[in-house]
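Student: This structure is in structure tokens; I'll ask about it shortly.
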Amino acid sequence: MAANWKMNKTVNEALAFAEAFIHLGKNAEVDIVIAPPFTALAALSRAFSGTEVKLAAQNTHAEASGAFTGEISPDMLKEFDCQYTIIGHSERRALFGETDAEVDKKAVALIERNIRPIVCVGESLQDRESGQALEIVAQQVQKSLESYPSGRAEELVLAYEPVWAIGTGKTASPDEAQEVHKAIRRTLKELFGSPAEEIRIQYGGSVKPENAGALMAQKDIDGALIGGAGLAHESFAAIVRYQMESKG
Ligand code: 13P
């Protein structure tokens, strides 16, 4: 269960969240990941050390270093114990022009430094209304993982986030989400064979304590990437607890 904080929380706000949330991270039976802004990674890596809460960055550059003003490399993320990094989020694709080819390079750069990529895919409302959701998403998966080493497939995380469900309060129904997750799993099998069964596929898009259970009960939905409800420790903890109970 991962919280993507997007461009929210100062260091002090991040630390206040950590203090209230930390008890859950001490004996968690599910993987808990927080993706704060870059600026809060150092403070959170200290605050969560010795707990099972893991950190993710929200983006990376694919190169190790160089003249790329304003960018951050996988080696720099490693210094803050980032075990995961989100790439290809729909906001980065729509607002910053990130392409599947760039996501592909980033995924390879991350796994070479032993950082697990969380690769985001998802269709627009227009794609869904024209009946092309499955095709568009399968294509994004293929192109975003074209160069990804098959021997590292099990470390991949996919996040299916329908663009029309992000921050809108509209959630894909459990059946709608499962249909796409199943198609993603099929595409991953074509790319990587049987290890695809082990790849985590998260759902994202207006996940809340009230709808998380029904979504997570679906066969191919293995976790969630949570925006708004991941900003408050109460709602994120409620979603994590639900997942722990349903597993236990
Ligand atoms: P919301 O949960 O706010 O819809 O955001 C989802 C998301 O984009 C997570 O990456």
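Just so you know, our numbering puts the end of the sequence shown at 251, numbered straight through with nothing missing.
Note that the Cβ used here is the ideal one computed from N, Cα and C, for glycine as well.
On a predicted model such as this, the values are computed, not experimentally measured, just so you know.
#1: Our contact map puts A65 next to E105 with C-beta atoms below 8 Å; I'd like the distance itself, whole angstroms only.
#2: Note down, in chain order, each residue of its chain lying with its Cβ closer than 6 Å to the Cβ of A31, except the 5 sequence neighbours on either side.
#3: When you compare only the Cα positions, how much space is there between N62 and I89?
#4: Can E213 be considered in contact with ligand 1, in the sense that its beta carbon sits closer than 7 Å to one or more heavy atoms?
#5: G134 by DSSP, collapsed to three states: which one?
#6: Please report the straight-line C-alpha distance between G216 and Y206, rounded to a whole angstrom.
#7: Starting from the Cα of L18, find the closest Cα among L47, P40 and H26 and give me that residue.
#8: Please state whether DSSP places Y245 in a helix, a strand or coil.
#9: Classify A45: buried if its beta carbon has 16 or more other beta carbons within 10 angstroms, exposed otherwise.
#10: Since R244 and G226 are thought to touch, with beta carbons under 8 Å apart, how far apart are those beta carbons, to the nearest angstrom?
#11: Just to confirm, is the Cβ distance from V144 to L113 under 8 Å?
#12: Count the other CB atoms, across all protein chains shown, that sit within 10 Å of the CB of L98; report buried if there are 16 or more and exposed otherwise.
#13: May I ask whether a heavy atom of ligand 1 can be found less than 7 Å away from the beta carbon of I169?
#14: Are the Cβ atoms of T171 and S133 separated by less than 8 Å?
#15: Where does T88 fall in DSSP's three states?
#16: Between which residues of its own chain and R119 is the CB-CB distance below 8 Å, once the five residues before and five after are set aside?
#17: Who pairs with V122 in a beta bridge, going by DSSP?
#18: Tell me Q226's beta-bridge partners as DSSP assigns them.
#19: Can you tell me the Cβ-Cβ gap for E126 and P177, rounded? I've got them flagged as a contact below 8 Å.
#20: Would you list, in sequence order, the uninterrupted beta strand (DSSP E) runs of no fewer than 3 residues that lie entirely inside the region 22 to 97?
#21: Nearest-angstrom Cα distance between E179 and A70?
#22: Identify which residue in A110, E193 and K9 has its Cα closest to the Cα of S150.
#23: Tell me, to the nearest whole angstrom, how far the beta carbon of I229 is from that of A5; I am working on the premise that it is less than 8 Å.
#24: In the DSSP assignment, what are the bridge partners of N214?
#25: Can you give the Cα-Cα distance for H236 and F20, rounded to whole angstroms?
#26: If you draw a straight line from the C-alpha of E200 to the C-alpha of G233, how long is it?
Tutor: Looking at the atomic coordinates:
#1: 7 Å between Cβ atoms; contact.
#2: E55, listed in sequence order.
#3: Rounded to the nearest angstrom, the gap between the Cα atoms of N62 and I89 is 6 Å.
#4: No, the Cβ of E213 stays beyond 7 Å of every heavy atom of ligand 1.
#5: Reduced to three states, the DSSP call for G134 is coil.
#6: CA-CA distance, G216 to Y206, rounds to 12 Å.
#7: Closest by alpha carbon: L47.
#8: If DSSP states are grouped into helix, strand and coil, Y245 belongs with the helices.
#9: With fewer than 16 Cβ atoms within 10 Å of its Cβ, A45 is classed as exposed.
#10: About 14 Å separates the two Cβ atoms, so there is no contact after all.
#11: With respect to the 8 Å criterion, V144 and L113 are not classified as neighbours on the basis of their beta carbons.
#12: Result: exposed.
#13: Here the distance from the Cβ of I169 to the nearest heavy atom of ligand 1 is below 7 Å.
#14: No, the pair does not count as a contact, with Cβ atoms beyond the cut-off.
#15: Under the three-state reduction of DSSP, T88 is assigned to strand.
#16: Taken in chain order, the residues that qualify are Q86, Y87, T88, L113, E158, L159 and V160.
#17: V122 pairs with I90 and L161.
#18: Checking the displayed sequence, the identity of residue 226 turns out to be Gly instead of Gln. Answer is Q205.
#19: Contact flag wrong, Cβ pair sits at about 17 Å.
#20: Qualifying beta strand (DSSP E) stretches, in chain order: 35 to 38, 56 to 60 and 85 to 90.
#21: Approximately 44 Å, taken between the alpha carbons.
#22: The shortest CA-to-CA distance from S150 to any of A110, E193 and K9 is the one to A110.
#23: Contact flag correct, Cβ pair sits at about 7 Å.
#24: None, per the DSSP bridge assignment.
#25: Each residue's CA atom was taken as its position, placing H236 and F20 some 6 Å apart.
#26: Taking the CA atoms as reference points, E200 sits about 27 Å from G233.
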